[in-house]
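Using numbering that gives the first Met the number 0, read the sequence shown as starting at 0 and increasing by one per residue. Just so you know, even glycine gets a beta-carbon here, dropped at the ideal spot from N, CA and C. Predicted model, so just to flag it, every value in this text is computed and none were measured. As structure tokens, the structure follows; a few thoughts come after it.
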Amino acid sequence: MNKVSNIKERIKEFAENTGENKDVFFQKIGVTSANFRGKKLLTGVNADLIEKIVSLYPDVDLNWLITGKEANKEEKEKTVMNEPPENYGNSYKDKYIEVLEENKELQKKVINLLEIKDNLKKYS
Numbered sequence: 000m001n002k003v004s005n006i007k008e009r010i011k012e013f014a015e016n017t018g019e020n021k022d023v024f025f026q027k028i029g030v031t032s033a034n035f036r037g038k039k040l041l042t043g044v045n046a047d048l049i050e051k052i053v054s055l056y057p058d059v060d061l062n063w064l065i066t067g068k069e070a071n072k073e074e075k076e077k078t079v080m081n082e083p084p085e086n087y088g089n090s091y092k093d094k095y096i097e098v099l100e101e102n103k104e105l106q107k108k109v110i111n112l113l114e115i116k117d118n119l120k121k122y123s
């Protein structure tokens, strides 16, 4: 990717390199192509837009997108997760279930504490 000075110009360049219609790209990220033309091209973007791009296009070089400088090979390797691939599959699902179970236990404790509080009020 070329060195482009403005983040919106880099987003526009990335859109051109996705191989899909630019209007479709902009629709996916929740903006119109008009935000990337004329004077609007000179305005900044918010973090939500960058997050949307990264979530839809995880292969985008985030360093380049934000700074205009491509990450060198060593920096790219640092961004790779050090977790073994076999942990990727259901890890989020398992973690979600674990958190739900913890939440359920905490709710039981809260109910128990509320009952104790009510009993203490009765005998006060």
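Integer Cβ distance of residue i from residue j, believed to fall under 8 Å
i: ILE10; j: PHE35; result: 7 Å
i: LEU48; j: ILE28; result: 6 Å
As assigned by DSSP and simplified to three states, the class of residue i
i: ASP60; result: coil
i: VAL98; result: helix
i: VAL109; result: helix
i: SER32; result: helix
i: GLY43; result: coil
i: TYR122; result: coil
Residue i, enclosing alpha helix (DSSP H) - first and last residue
i: VAL127; result: Beyond the ends of the chain as shown, which are 0 and 123, falls residue 127; an answer cannot be given.
i: LEU48; result: 46-55
i: ARG9; result: 6-16
Buried or exposed by the 16-neighbour rule on C-beta atoms within 10 Å, applied to residue i
i: VAL44; result: buried
i: ALA33; result: exposed
i: ALA14; result: buried
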